[in-house]
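According to the working numbering, the sequence shown is numbered sequentially starting from 1. We put the CB at the ideal spot given by N, CA and C, even for glycine. As the structure is a computational prediction, the values presented were derived from the model and not from experiment. First the structure, in the form of structure tokens, and then the observations on it.
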Amino acid sequence: MKPLAAIEQARAAGAIRDLDYYLARHLLALAPQPSPALALAIAAVSRANGDGDLCLDLAAAAGGPVLGDAPGDAAWTGLPAQPLDEWLDALRGSGVVGAPGETQPLVLDAAGRLYLAKYHGFEQAIAAGLAQRLRFRDDVDATTLRPLLARTFPDAGPGDGQRLAAALAALRGLAVVSGGPGTGKTHTVARLLALLIALAQGRGLRIRLAAPTGKAAARLAESLQATVAQLRADPATAATADAIPTEAVTLHRLLGYGVGGGFRHGPDHPLPVDVLVVDEASMVDVPLMARLLAATPPAARLVLLGDRDQLASVEAGSALGDICNHGAPTAWSGDLCGRLRALGLAPPPAADGARQGPMADSLAVLTESRRFAAGSGIGALAQATNAGDADAAFAALEGGGDIVWRPVAVEALAEAVAAEVQTYLAAYRETADPADAMRRFGAVRLLCAVREGPWGVGALNALAERALARLGLVAPDREHYAGRPVLVTQNDYALGLFNGDVGLLLPDPDAGGALRACFAAPGGRLRRVLPARLPAHETCFAMTVHKAQGSEFDRVVVVLPGHDSPVLTRELVYTAVTRARRAVAIWASREGLATAIGRRVARSSGLRDALWGSSS
Numbered sequence: 001m002k003p004l005a006a007i008e009q010a011r012a013a014g015a016i017r018d019l020d021y022y023l024a025r026h027l028l029a030l031a032p033q034p035s036p037a038l039a040l041a042i043a044a045v046s047r048a049n050g051d052g053d054l055c056l057d058l059a060a061a062a063g064g065p066v067l068g069d070a071p072g073d074a075a076w077t078g079l080p081a082q083p084l085d086e087w088l089d090a091l092r093g094s095g096v097v098g099a100p101g102e103t104q105p106l107v108l109d110a111a112g113r114l115y116l117a118k119y120h121g122f123e124q125a126i127a128a129g130l131a132q133r134l135r136f137r138d139d140v141d142a143t144t145l146r147p148l149l150a151r152t153f154p155d156a157g158p159g160d161g162q163r164l165a166a167a168l169a170a171l172r173g174l175a176v177v178s179g180g181p182g183t184g185k186t187h188t189v190a191r192l193l194a195l196l197i198a199l200a201q202g203r204g205l206r207i208r209l210a211a212p213t214g215k216a217a218a219r220l221a222e223s224l225q226a227t228v229a230q231l232r233a234d235p236a237t238a239a240t241a242d243a244i245p246t247e248a249v250t251l252h253r254l255l256g257y258g259v260g261g262g263f264r265h266g267p268d269h270p271l272p273v274d275v276l277v278v279d280e281a282s283m284v285d286v287p288l289m290a291r292l293l294a295a296t297p298p299a300a301r302l303v304l305l306g307d308r309d310q311l312a313s314v315e316a317g318s319a320l321g322d323i324c325n326h327g328a329p330t331a332w333s334g335d336l337c338g339r340l341r342a343l344g345l346a347p348p349p350a351a352d353g354a355r356q357g358p359m360a361d362s363l364a365v366l367t368e369s370r371r372f373a374a375g376s377g378i379g380a381l382a383q384a385t386n387a388g389d390a391d392a393a394f395a396a397l398e399g400g401g402d403i404v405w406r407p408v409a410v411e412a413l414a415e416a417v418a419a420e421v422q423t424y425l426a427a428y429r430e431t432a433d434p435a436d437a438m439r440r441f442g443a444v445r446l447l448c449a450v451r452e453g454p455w456g457v458g459a460l461n462a463l464a465e466r467a468l469a470r471l472g473l474v475a476p477d478r479e480h481y482a483g484r485p486v487l488v489t490q491n492d493y494a495l496g497l498f499n500g501d502v503g504l505l506l507p508d509p510d511a512g513g514a515l516r517a518c519f520a521a522p523g524g525r526l527r528r529v530l531p532a533r534l535p536a537h538e539t540c541f542a543m544t545v546h547k548a549q550g551s552e553f554d555r556v557v558v559v560l561p562g563h564d565s566p567v568l569t570r571e572l573v574y575t576a577v578t579r580a581r582r583a584v585a586i587w588a589s590r591e592g593l594a595t596a597i598g599r600r601v602a603r604s605s606g607l608r609d610a611l612w613g614s615s616s
């Protein structure tokens, strides 16, 4: 068989992308020993990257059908892969597959993971960049730190999770603070910064705040401003509060993203920073995480904030999940616990079988939510979803209160959307004040698991638009109409608009009633943009759960498709549910929701092994 014949069949069936096919064809042309086994491996690893994996696990794929998913071709069952030993021999003898450290376009590691070389390089860079920060700092004196810690957290007990997390971050070069909504990650980091400023004893600390998107950066800034105001009101911390920065930027802006696609800051031109705080770290993709670590001086403190249970980046890899050893228990070492006790704190006991080590000593997990009360249905549903317990999730859903489950069929979806529009969503059109309209619109959002099909973003946007038109609230007979919500899909640094920002097209009283795209700006202000100047955007009554990461709404309506899909996972359900402050409605079949809750995102990667060891 010709080396390309099998993957030509896969391409015709829709099981691989054109990108996967042409990469395989290109590398086969370079290979001294091309073979069908090599062609299959290249196409499979390329598609795996597109599906979110950093690598192809050959041991898991060998001997079975590979590339079995082909939308629209039910007869396609995949391509047969060779037994593992034969496949490995073919790859090693191909001339384009090398071991780690060799300069080949494909990398095969000792565990049988096959990488495109650039992704292996990113993974190794992250592992090395984190490893050099997994240390106790020698510039922290416990005698000085203990009273400052008590002063900064005056109402917290010795076992308080936020106080423990701040102490860990003061003691370590790297601190990863993970926790769900309402657990106080930004509250903790604001007080941590006050603590570090006090520890510096008048030496100016260069502190920077960043997040992966403009929306997340704005939310970080708002949250910090609220906590800093509390610190200013307390005489014990007022002096340090003024030195805490409250401006956050995107990671691309922090690193100096240029017109040519490169970054100004890197290992040869590091960031001028002593403390770097990065929020929403679960959204940071592997290439960007590698570049961030390369640009951050090893002597600087790095604090990563995020929810390890949320969806990972849409790009390949799951950096925060791997860093947190997601799915496995971890515990602090005796050394760290002793240092914490010397500060008057009470670290929790280690669970049986919990993994310890340098990475664990840089991980603090906040578990107490101050947003969801003990009887909160949202909190119970989120907890059951995280545990993969569908029965407990349905018990929470059927308990009523702040959550509702609606097994809506596709033919009833238009009626259901119309009801949501009339009851909740139309409120933003009942005011002539753009700022008030923005607040009202931001209270409710329709969230979808998929973009296409009858349960997707496009269909729901059209349904909502028609429902509002029937009420006489919008007139969608042109591209730009009053009342149209827009989601920015491309960064525009000149306008200060970023991928994920949501605005409303509204008559602007300050412009004589002319239509302007209004976006929330720091300090409760509005940014007004001419509709013709908007960067790439789309209508946004509904948005994907991925796009909603980093946002919060009073009420969310979650729509899951009536068919199974690989995107339906517990991480997606958890992320969707926890976007809500007060109420959640889920439209899904019982079987579909149970399947999603029982399925965990499993992205192939070697980063966890590099950080935690292969036995984790």
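Exercise. Count the C-beta pairs between the region 589 to 600 and the region 559 to 574 that are closer than 8 angstroms, then say yes if the count reaches three, no if not.
Key: Segment contact: the region 589 to 600 against the region 559 to 574, three or more CB-CB distances shorter than 8 angstroms; contact assigned.
Quiz prompt | Near the ligand FAD: A44 beta-carbon under 7 angstroms from a heavy atom | solution = This structure simply doesn't include the ligand FAD, nor any ligand for that matter.
Quiz item: Is it buried or exposed for V417, if we count other Cβ within 10 angstroms and need 16 for buried?
Solution: Around the Cβ of V417, a 10 Å sphere holds 16 or more other Cβ atoms; the residue is buried.
Quiz item: How about A167 and L366: do their beta carbons lie closer than 8 angstroms?
Solution: Not closer than 8 angstroms, so no.
Practice problem: Tell me whether S616 sits in a helix, a strand or coil according to DSSP, three-state version. | Solution: Summary for S616: the model assigns pLDDT 45, below 50, so the residue's position carries little reliability, and this model does not support an answer.
Exercise. Name the two residues that bound the continuous beta strand (DSSP E) containing F553.
Key: Note, F553: beta strand (DSSP E), 553 to 559.
Practice problem: Could you tell me which residues DSSP puts in a beta bridge with C518? | Solution: Per DSSP, L504, R528.
Quiz prompt | Closest by C-alpha distance to T423, when choosing among D57, A128, V557 | solution = Closest option to T423, Cα to Cα, is V557.
Quiz item: Looking at the structure shown, is E465 part of a helix, part of a strand, or coil, going by DSSP?
Solution: Looking at E465 - three-state DSSP - the assignment turns out to be helix.
Quiz prompt | Inter-residue Cα distance where the pair is R17 and L288 | solution = One C-alpha to the other measures close to 24 angstroms.
Self-check item: Those residues which DSSP pairs with V567 across a bridge
Solution: In DSSP, V567 forms no bridge with anything.
Exercise. Give a yes or no on whether the minimum CB-CB distance between D564 and chain C is below 8 angstroms.
Key: Protein chains in the displayed structure number just one, and chain C is not present.
Exercise. Please report the residue range of the alpha helix (DSSP H) in which Y424 lies.
Key: That residue, Y424, is in no alpha helix (DSSP H); it is neither H nor E in DSSP.
Exercise. Locate the beta strand (DSSP E) running through Y115, then write down its first and last residues.
Key: It spans 113 to 116 - the beta strand (DSSP E) in which Y115 sits, taken as one unbroken run.
Self-check item: Where C337 falls: helix, strand or coil (DSSP)
Solution: Reduced to three states, the DSSP call for C337 is helix.
Exercise. Use the C-beta contact count for E398: other C-beta atoms within 10 angstroms, 16 or more gives buried, fewer gives exposed.
Key: Per the 10 Å Cβ criterion, exposed.
Quiz item: Taking just the CA atoms, how far does A316 sit from N49?
Solution: Straight-line Cα distance between these residues: approximately 5 angstroms.
Quiz item: Out of L196, E123, A125, which has the shortest C-alpha to C-alpha gap to S151?
Solution: The identity of residue 151 in the sequence shown is Arg, whereas the question assumes Ser. Residue L196 is the option with its Cα nearest to R151.
Quiz item: Are there three or more Cβ pairs, one per stretch, closer than 8 angstroms when the region 430 to 448 is compared with the region 532 to 544?
Solution: Yes, the region 430 to 448 touches the region 532 to 544.
Quiz item: Below 8 angstroms, can you find three or more Cβ-Cβ pairs linking the region 132 to 150 to the region 353 to 373?
Solution: Remark: three or more beta-carbon pairs, one from each stretch, lie closer than 8 angstroms, so the region 132 to 150 and the region 353 to 373 are flagged as touching.
Quiz item: What residues are listed by DSSP as bridge partners for I378?
Solution: Under DSSP, no beta-bridge partner is assigned to I378.
Quiz item: How big is the Cα-Cα spacing for Q490 and H252?
Solution: Cα-Cα distance, rounded: 13 angstroms.
Self-check item: Residue from T227, A81, N325, W76 with nearest C-alpha to A62
Solution: Per the Cα distances, A81.
Practice problem: On a CA-only basis, which of W405, A392, P566 is nearest R600? Give me that one, please. | Solution: When only C-alpha atoms are compared, the closest one is P566.
Quiz prompt | Y481 versus P349: straight-line alpha-carbon distance, rounded | solution = Their Cα atoms are separated by approximately 59 angstroms.
Self-check item: T77 burial status per 10 Å Cβ neighbour count (16 or more: buried)
Solution: Burial call: exposed.
Practice problem: Rank T296, P181, L506, A319 by C-alpha distance to the C-alpha of A383 and give the top, closest one. | Solution: It is Gln, not Ala, that sits at residue 383 in the sequence shown. Comparing Cα positions, the closest option is P181.
Quiz item: Sorted by chain position, which residues of the same chain lie with C-beta nearer than 7 angstroms to Y21's C-beta, five sequence neighbours on each side aside?
Solution: So the qualifying residues of the chain are I7, R11, A43.
Quiz item: Since S46 is in the alpha helix (DSSP H), which residue starts that stretch and which ends it?
Solution: First-last of the alpha helix (DSSP H) with S46: 36 to 50.
Quiz item: From M283 to P407, what distance separates their C-alpha atoms?
Solution: If you take the alpha carbons of M283 and P407, they lie about 30 angstroms apart.
Quiz item: Touching or not, the region 262 to 281 and the region 226 to 243, by the rule of three or more beta carbon pairs under 8 angstroms?
Solution: The region 262 to 281, when compared against the region 226 to 243, does not touch it at the 8 angstroms Cβ threshold.
Quiz item: How about R355 and N386: are their beta carbons less than 8 angstroms apart?
Solution: In this structure, N386 does not lie closer than 8 angstroms to R355 by Cβ.
Exercise. Below 8 angstroms on the Cβ atoms is my guess for T250 versus G214; work out the distance and round it to an integer in Å.
Key: The C-beta separation of T250 from G214 comes to about 5 angstroms, placing the pair in contact by the 8 angstroms criterion.
Quiz item: Which of helix, strand or coil does DSSP assign to R146?
Solution: Annotated three-state conformation of R146 is helix, per DSSP.
Exercise. Pull up the distance between the alpha-carbon of P270 and that of A295, whole angstroms please.
Key: Going from the Cα of P270 to the Cα of A295 covers about 5 angstroms.
Practice problem: In angstroms with no decimal places, state the Cα-to-Cα distance between S616 and A610. | Solution: Confidence at S616 is low in this model, with a pLDDT of 45, below 50, so its placement is unreliable and the value that follows should be read with caution. So the two alpha carbons sit approximately 10 angstroms from each other.
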